[in-house]
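I have placed the structure first, in the form of structure tokens, so that the comments after it can refer back to it.
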Amino acid sequence: MTGKSAEHPQRLQHLLTLADLPQTTLLALLERAGEFLAPPGKPARRYDLLDGKTVANLFFEPSTRTRTSFELAARRLGAEVVTLDMAFSSTVKGETPLDTFHTLQAMNVDLFVVRHREAGVPQTLAQHALPQVHVVSAGEAHVSHPTQGLLDVFTIRRHKKKFDKLAVAIIGDVRHSRVARSAVQALHTLGTRDIRFAGPAELLPEDLDGEQFTNPDKALAGADVVMMLRIQKERMQAGLIPDEHEYFQRYGLDATRLKLARADAIVMHPGPMNRGVEIAAEVADGPQSVIREQVSNGVAVRMAVLATLMGT
Ligand code: CP
């Protein structure tokens, strides 16, 4: 089985950001992901596209969804996968990410999936990659999470056809969110201009184009897509936000507040969720939620990225 698209995207060596990804390449990745999407309830299909290749997952920051879905994506494409357990790796003895990378590259790893809390680490590793080796960012500080951005627009596209007509509300800790940055880059590439950000003033972004609101109700009014974000306590100084109960009252999405959006609006969240802080369980598990669909789509999107980078 090939799973190969008739229309190949422009050849990519690494995927570190969506900022400079041409629209044709982005669309080709989404098309390819559609070919890999497993029908609900059916067993996942296996491919041999990456037979003989090795993928290494280097997650220097915690992850559930991204790490697991990259691992499943690589296995379903037929690759051998190594996932370093950082707590038991030589990282704890002081080995740098670059030395870890060189060590695994010397073992003939073909593609590295890298998450790091410091900006610039995936780029540094990519600069030291051998010509035949690929690097994919799985999350870089607050800067970029390209495969999350891809799976977010892939999910939106399955529900909403015209990106240039969409109103997208992104609510929560936008300032510290690499998810928001990559989603906005992908939405801009696909033609979405009506992007609204809402949250406490100190958690609104300084570097993103879009209307900003401290009242989430204004951002929600008539929105087609509502993307809720977790408060990234690990990326902020203590005391920057009110207590969780107060936060939920002021910014959290419950069923009443969701009624301000369009009746057919979809609700997204990259996970992990803090129920009762940024989102109520009734919304997270409700009929407008596509949160679990985002997770399923993430495997197909990552299969598309791995296969495309490896030129298969
Ligand atoms: N969305 C996301 O990046 O989740 P994880 O941190 O669990 O990978």
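Start counting the sequence shown at 52; every next residue gets the next number (the numbering used here).
The beta-carbon is built from N, C-alpha and C at its ideal position, and this holds for glycine as well.
Asked	Found
Neighbourhood of F299 by C-beta, 7 angstroms cutoff - its chain only, sequence neighbours within 5 removed	G327 and V328
A355 to A170 span [Cα, whole Å]	25 angstroms
Separation of D224 from G242, as counted between CA atoms	24 angstroms
T175: CB within 8 angstroms of a non-hydrogen atom of the ligand CP	no
Distance, V334 Cα to Q174 Cα	37 angstroms
V186 beta carbon near the ligand CP (any heavy atom closer than 8 angstroms)	no
Proximity test, R118 beta-carbon vs the ligand CP heavy atom, cut-off 8 angstroms	yes
Residues bridged to T134 [DSSP beta-bridge criterion]	N108
Proximity to L280 [Cα-Cα], best of E146, R247, L259 and A231	A231
Burial state of N266 (16 or more Cβ within 10 Å)	exposed
Reference R244; option with closest CA among A274, L254 and E253	A274
Any non-hydrogen atom of the ligand CP closer than 8 angstroms to S195 Cβ	no
Pick from R116, V160, K213 and I342 that is closest to V350, judged by C-alpha positions	R116
Reduced DSSP secondary structure (H/G/I, E/B, other) of G190	strand
Whether M361 touches H185 by CB criterion (9 angstroms)	yes
For H296, the first and last residue of its enclosing alpha helix (DSSP H)	E295 to Y302
C-beta contact flag for L109 and V143 at 9 angstroms	no
Span separating the alpha-carbon of T105 from that of A252	45 angstroms
Where Q263 sits in the DSSP three-state scheme	strand
CB contact flag (L357, L101, <9 angstroms)	yes
Residues that I317 bridges to, as DSSP identifies them	V276
Span of the beta strand (DSSP E) around P219	The question names Pro, yet the displayed sequence has Val at residue 219. Unbroken beta strand (DSSP E) run through V219: A218 to I222.
Any non-hydrogen atom of the ligand CP within 8 angstroms of S114 CB	yes
V106: CB within 8 angstroms of a non-hydrogen atom of the ligand CP	no
Span separating the alpha-carbon of L304 from that of R229	21 angstroms
Nearest neighbour of Q156, chosen from D260, Q178 and F121 [CA to CA]	Q178
D71 in three-state terms, based on DSSP	coil
Pairwise C-alpha distance: L238 and A220	12 angstroms
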